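**Student:** Attaching a single structure in structure tokens format; questions to follow.
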Amino acid sequence: MSKWIPLWLHKLSSPPTFYRFAGALRPWLLALALLTGAIALYGGLVLAPADYQQGDAYRIIFIHVPSAWMSLFIYGVMGFAAFVALVWRIKLAEVVAMESAPIGAAFTFITLVTGSLWGKPMWGTWWTWDARLTSELVLLFLYLGVIGLYHAFEDRRQGARAAAFLALIGIINVPIVHFSVNWWNTLHQGSTIRLLGPSTIAPGMLWPLLTMMLATKFYYLASLFGRVRTDLLDLESGKDWVRTIATGSTLQ
Amino acid sequence: MNPTRKRRLIVVLLVVAAATVAVGLGVFALQQNMNYLFTPSQVQSGAASSHKTFRLGGMVKAGSIQRSKTSLLATFTVVDADGAMPVEYTGILPDLFRDNQSVIATGHMDNAHFVATEVLAKHDETYMPKELKDAMAKAHKDKPMPEGSDAGGSP
Amino acid sequence: MTAAPTAATDNVILLETRELGFYRQDEPVFASLNFRLRSGELGLIEGDNGSGKTTLMRILAGLLHVDEGELYWHGQPLQREHCVGEVLFLGHQLGLKADLSPSENLQVAVGLHGYRAQTTLSAALAEVGLSGYDDEPVRRLSAGQKKRAALARLVLLPATLWLLDEPYANLDRTGIALVNRLLEEHLARDGAALVTSHGAVSFHGGEPQRIRMHA
Amino acid sequence: MSRPGLANACAAMLRRDLTLAWRRRGDIAMPVLYALIVTMLFPFALGPEDTLLQRIAGGVVLVTILLAMLLALDAMFSSDIEDGSLEQLVLAPQPLALMLAVKILAHWLTTALPLIVISPLLAGMLHLPTAVMPVLVLALLLSTPMLSLLGAILVALTAGTRRSGMLLALMLLPLCVPVVIFAAGAVAASQQGLPWLAPIAWLGAALVLLLVLAPLACAAALRIALDA
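Chains A, B, C and D, in that order, give the protein sequences.
Counted the way this note's numbering counts, the first sequence spans residues 1 to 252.
Counted the way this note's numbering counts, the second sequence spans residues 1 to 155.
Counted the way this note's numbering counts, the third sequence spans residues 1 to 215.
Counted the way this note's numbering counts, the fourth sequence spans residues 1 to 228.
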């Protein structure tokens, strides 16, 4: 059984196979993202009780926290894909890394904006230069740098490799964002959801948060698959399988 | 040894040596207090006396908040385990500002009290409904806050 | 040293390509290229514009990644570390700093590669016909003189395999004769060379191996 | 046939880059002039109030020098790529990372060092107390090599692109944030009469790591950039 998985992955990394695979999966992922997102929003904004300390204002965590997780998660995916792209020169990995960057940048931006909206009433400031906030901002700039570098090259595959290298250098920032609240005494509170030990959140608030986390993951995959499909068509425009699609005959 | 391996070995050795030096310097740096954040007791013992401006961290003493009726002036006392410091602030206080809340105030000393130019409230990482909180508070009456009271702690 | 050993079948195979191919944006630049280059042998790479001559040179020099096929050096799969210092590459860009004089440029090259036995800097400059230009920055030299300054590296530096991309370009008749003489001497020392050219070459040291490039 | 030693190769590279810089002395003066003019603008923009200028002096000098270095960074490999010298360097029998380290050193000597030399003057224009100057210079001595090293990696990455100046700034400046924080922290601490060794130690730790890792990363980045 374990022999089949690498074989399957190898087959999947061929552009036409992935194109069909992603195309088949994408509507389902999008539907799942919408469904879980709606449930999570309803659970978070209506069903979950108000916080003992922050009242209703805490409800922004249902957007802020999943976005923040995604900003790091996507960077992790991008870093991994970048590594694969640089070492094994797999075209699909290059495309996945480069198409993850704009989605990650968007989530990082949402994190910063919602955090700022939350910080004003709670802390008393829109922005403070503490370690968590600053490192998250640096994360946004790293995403933008990767996107910018990718588009600066005329040869897209070369651009992808250069940007992948930058993404790998920047990966050092990910643990800094994650652990900054533990390493430095920051204004930003510590982590609520812990893998080890009990989480410090009531169950009625936890489940919408986790559902939203699922929703953002589904959305990311759906969005990524869509972007990768478009990119593959563009990159492989000279190949037969793309011609077959372009001329209207189905490739099934 | 073939030259490729030799070169790799040299690179690895260099990286290890650099990492060792860096860790040593890091440990040295950690021993120095880089935080300009002081607790009331530290301030009273004179630790902050060399600073013109510094940050004061601690908990708002229950019942100490007094707001002026005519202006935005508010006075309150920030406490830690064994110190207390009266604080003056003119401006809009954050929503979370209340009794027993961890706060970080930036400002300077004026005689025996602290004049703040900015007051930030640090909320903790605990989220729970009010009813549950009340029930828990009843159960542990002598512990007013679960966490977040470490605003003056070391990094 | 006289009489270059031509088509020396008894000599060792220095470089071998098997089914070498290269793609740019998934369009093949060239495909399934097979040839063997023995020591003491000259390979003449022929092909039209855009047939991938320069690309092949850059692949063999180790500047470009091999997309398809294999490269062997002394019968072993080629790795950059194995042929380090044995390959001398002369590309379209000559690698000369315009603000330095020819001899200053060569000093840097010697600093990186070392001297070949029994050569000196001034002798090399004299051989390529550039003595007397010691204090002139390369910027002020003519295109042909710049080429000659770059060719002085061939005289000066130790290497087994020469990769010369368009060595005859910009040169006058004596310059072309100079390149041919340098090549003959190199082959006589059991060196090998690959030369690209789209013009005909009048090489007197025997019949070179002709390698046709096509996609 | 004799292969030159590493020391000879390094010396040849260093001599070459320094000679080239000397032949174009005007380019060395540019960042210095730029830093002087930018620093001069602050008293005009903020008013010549001593206490205010004093408070911002350390930060302003650091940021100005960072920006001045950014100006010169772009040229680190560009001429070498244009005339093919970089190809020759990549193909030379010497370890590329070491050769690049020498190039970075030459670049630091010709751009950062003049800036450090005039930094007391810049700080003086903003009324930074003389007692703080040694700490400022020390912070600069530790932080400017880091900017050169980090910059070299990014310049190498953008080596294959056409217009890379703005892109370089976008990529480099976020990475410089920690460097600026600690360097400015040391100056500010010294200005307030506080122990300033801790941020200097952090700078030193980061510099030691970068000294080893950055040339390796730079070599890898250059191979990617040339591979086209």
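Glycine included, every Cβ here is placed at the ideal spot set by N, Cα and C.
Given the structure is predicted, the values throughout are model-derived calculations rather than measurements.
Alpha carbon to alpha carbon, how far is B:V12 from B:P3?
**Tutor:** Within the second sequence, the letter at position 12 stands for residue 12 of chain B. Within the second sequence, the letter at position 3 stands for residue 3 of chain B. Using only the alpha carbons, I get a separation of about 14 Å.
**Student:** Mind reading off the beta-carbon distance from D:A101 to D:P215? Whole number of angstroms is fine, and I expect it under 8 Å.
**Tutor:** Translated into the one-based positions of the fourth sequence, residue 101 of chain D becomes position 101. Translated into the one-based positions of the fourth sequence, residue 215 of chain D becomes position 215. About 4 Å separates the two Cβ atoms, so the contact holds.
**Student:** Does the beta carbon of C:L182 come closer than 9 Å to any beta carbon on chain D?
**Tutor:** Taking the third sequence and counting its residues from 1, one reaches residue 182 of chain C at position 182. So no, C:L182 is outside the interface.
**Student:** Put C:M213 into one of helix, strand or coil per three-state DSSP.
**Tutor:** Position 213 of the third sequence, counted from the first residue, corresponds to residue 213 of chain C. In this structure, C:M213 counts as coil in the three-state DSSP scheme.
**Student:** Hey, could you find the ends of the beta strand (DSSP E) B:D80 is sitting in?
**Tutor:** The sequence position of residue 80 of chain B within the second sequence is 80, counting from 1. Unbroken beta strand (DSSP E) run through B:D80: 73-80.
**Student:** So D:S164 contacts chain A; which residues on that side make the cut at Cβ distance below 8 Å?
**Tutor:** Start at 1 with the first residue of the fourth sequence, and residue 164 of chain D comes out as number 164. Simply A152.
**Student:** Scan the stretch 82-104 of chain D for residues whose Cβ lies nearer than 9 Å to a Cβ of chain C and list them as they occur along the chain.
**Tutor:** For the stretch 82-104 of chain D, which is checked against every Cβ of chain C, the residues closer than 9 Å are E82, D83, G84, S85, L86, E87, Q88, L89, V90, L91, A92, P93, Q94, M99.
**Student:** How long is the line joining the alpha carbons of C:G52 and C:Y23, rounded to whole angstroms?
**Tutor:** Within the third sequence, numbered from 1, the residue matching residue 52 of chain C stands at position 52. Within the third sequence, numbered from 1, the residue matching residue 23 of chain C stands at position 23. Roughly 10 Å separates the two Cα atoms.
**Student:** Using a cut-off of 8 Å between C-beta atoms, extract the partners of B:P40 located in chain A.
**Tutor:** Indexing the second sequence from 1 puts residue 40 of chain B at position 40. Within 8 Å Cβ-Cβ: nothing; B:P40 doesn't reach chain A, min ~16 Å.
**Student:** Less than 9 Å separating the beta-carbons of A:I39 and A:M98?
**Tutor:** Counting from one through the first sequence, the residue named residue 39 of chain A turns up at place 39. Counting from one through the first sequence, the residue named residue 98 of chain A turns up at place 98. Cβ distance not < 9 Å, so A:I39 and A:M98 don't count as in contact.
**Student:** What are the residues that DSSP puts in a beta bridge with A:A162?
**Tutor:** By one-based count along the first sequence, residue 162 of chain A stands at place 162. In the DSSP output, where bridge partners are listed per residue, A:A162 has none listed.
**Student:** Below 7 Å CB to CB, which residues in the same chain sit around A:A22 once its five sequence neighbours on both sides are set aside?
**Tutor:** For the purposes of this step, residue 22 of chain A is identified with residue 22 of the first sequence, where counting begins at 1. Within the same chain, A:A22 has close Cβ partners F225, V228, R229.
**Student:** Going by DSSP, what residues sit across from D:M125 in a beta bridge?
**Tutor:** The count along the fourth sequence starts at 1 and reaches residue 125 of chain D at position 125. For D:M125, which the question treats as bridged, DSSP gives no partner whatsoever.
**Student:** What does A:E94 touch in chain G if you count any residue whose Cβ is under 9 Å from its own?
**Tutor:** Absence of chain G from the displayed structure is noted, the protein chains being A, B, C and D.
**Student:** Taking the alpha helix (DSSP H) that A:E99 falls in, what are its first and last residues?
**Tutor:** If you number the first sequence from 1, residue 99 of chain A lands on position 99. Looking at the DSSP string, the run of the alpha helix (DSSP H) that includes A:E99 is 91-122.
**Student:** If the cut-off is 7 Å on Cβ atoms, which residues from the stretch 133-144 of chain A count as contacting chain D, listed in chain order?
**Tutor:** Of all residues in the stretch 133-144 of chain A, T134, V138, F141, L142, L144 have a Cβ within less than 7 Å of some Cβ in chain D.
**Student:** Is there at least one Cβ from chain D nearer than 9 Å to C:A31's Cβ?
**Tutor:** By one-based count along the third sequence, residue 31 of chain C stands at place 31. For C:A31, the answer is no, since every Cβ of chain D falls outside 9 Å of its Cβ.
**Student:** If I follow the unbroken alpha helix (DSSP H) through C:R148, where does it start and stop?
**Tutor:** Position 148 of the third sequence, counted from the start, is the residue given in the question as residue 148 of chain C. Here the alpha helix (DSSP H) through C:R148 covers 143-156.
**Student:** In terms of DSSP beta bridges, what is C:L90 paired with?
**Tutor:** Here residue 90 of chain C corresponds to residue number 90 of the third sequence, with the count starting at 1. Beta-bridge pairing links C:L90 to C:L164.
**Student:** When you compare the CB of A:S269 with every CB in chain B, is at least one pair closer than 9 Å?
**Tutor:** The structure shown does not extend to residue 269 of chain A, since chain A spans only 1 to 252, so no value can be given for it.
**Student:** For B:R55, count the other beta carbons within 10 Å of its own beta carbon; 16 or more makes it buried, fewer makes it exposed. Which is it?
**Tutor:** Here residue 55 of chain B corresponds to residue number 55 of the second sequence, with the count starting at 1. The residue is buried, with at least 16 neighbouring Cβ atoms inside 10 Å.
**Student:** Taking the continuous beta strand (DSSP E) assigned at C:S42, which residues delimit it?
**Tutor:** Start at 1 with the first residue of the third sequence, and residue 42 of chain C comes out as number 42. Sequence check: residue 42 of chain C is Leu here, not Ser. Note, C:L42: beta strand (DSSP E), 42-46.
**Student:** Could you tell me whether the stretch 29-36 of chain D touches the stretch 71-85 of chain C, where touching means 3 or more Cβ pairs closer than 8 Å?
**Tutor:** Too few Cβ pairs lie closer than 8 Å, so no.
**Student:** Is there at least one Cβ from chain C nearer than 9 Å to A:G79's Cβ?
**Tutor:** For this step, residue 79 of chain A is matched to residue 79 along the first sequence. Output row for A:G79: interface = no.
**Student:** Less than 9 Å between CB atoms is the rule here; does B:L14 satisfy it with respect to chain D?
**Tutor:** By 1-based counting over the second sequence, the position of residue 14 of chain B is 14. Closer than 9 Å to some Cβ of chain D, the Cβ of B:L14 qualifies, so yes.
**Student:** Rounded to whole angstroms, what's the CA-CA distance from D:D83 to D:A97? Just pull it up for me.
**Tutor:** Here residue 83 of chain D is taken as the residue at index 83 of the fourth sequence, counted from 1. Here residue 97 of chain D is taken as the residue at index 97 of the fourth sequence, counted from 1. Cα-Cα distance, rounded: 20 Å.
**Student:** Pick out the complete beta strand (DSSP E) segments inside the stretch 27-79 of chain D, 3 residues or longer, and give them in chain order.
**Tutor:** None, since the stretch 27-79 of chain D contains no complete beta strand (DSSP E) of that length.
**Student:** In angstroms with no decimal places, state the Cα-to-Cα distance between B:A62 and A:F83.
**Tutor:** Numbered from its first residue, the second sequence carries residue 62 of chain B at position 62. Numbered from its first residue, the first sequence carries residue 83 of chain A at position 83. Rounded to whole angstroms, B:A62 to A:F83 spans 54 Å at the Cα level.
**Student:** Take the Cβ of C:G32 as the centre, count every other Cβ of all protein chains shown within 10 Å, and call the residue buried at 16 or more, exposed below.
**Tutor:** Looking up residue 32 of chain C in the third sequence gives position 32. At residue 32 of chain C the sequence reads Ser, which differs from the Gly that was named. Its Cβ having fewer than 16 others within 10 Å, C:S32 is exposed.
**Student:** Measuring alpha carbon to alpha carbon, tell me which of A:P102, A:R156, A:A162 ends up nearest D:L157.
**Tutor:** In the fourth sequence, the residue the question calls residue 157 of chain D occupies position 157. Answer by Cα proximity: A:A162.
**Student:** Check the DSSP bridge columns for C:P28 and list the partner residues they point to.
**Tutor:** To locate residue 28 of chain C, count along the third sequence from 1; it is residue 28. DSSP, once it has assigned bridges, lists C:Y23 as partnering C:P28.
**Student:** Could you give the residue range of the alpha helix (DSSP H) that holds C:E185?
**Tutor:** On the third sequence, position 185 is the one that residue 185 of chain C refers to. Residues 173-188.
**Student:** I'd like to confirm the pairing. Which residues does DSSP put opposite B:P129 in its beta bridges?
**Tutor:** One-based indexing of the second sequence puts residue 129 of chain B at position 129. In DSSP, B:P129 forms a bridge with A:D51.
**Student:** If you follow the alpha helix (DSSP H) that A:W88 is part of, which residue opens it and which one closes it?
**Tutor:** The residue given as residue 88 of chain A occupies position 88 in the first sequence. From DSSP, the alpha helix (DSSP H) with A:W88 extends over 61-88.
**Student:** Would B:L179 pass as an interface residue toward chain D - the criterion being a Cβ-Cβ separation below 9 Å?
**Tutor:** Within the shown structure, residues of chain B are numbered from 1 to 155, placing residue 179 of chain B beyond reach of any answer.
**Student:** Output the distance between the C-alpha atoms of C:V84 and A:V174, rounded to the nearest integer angstrom.
**Tutor:** Walking along the third sequence from the start, residue 84 of chain C turns up at place 84. Walking along the first sequence from the start, residue 174 of chain A turns up at place 174. Approximately 38 Å, taken between the alpha carbons.
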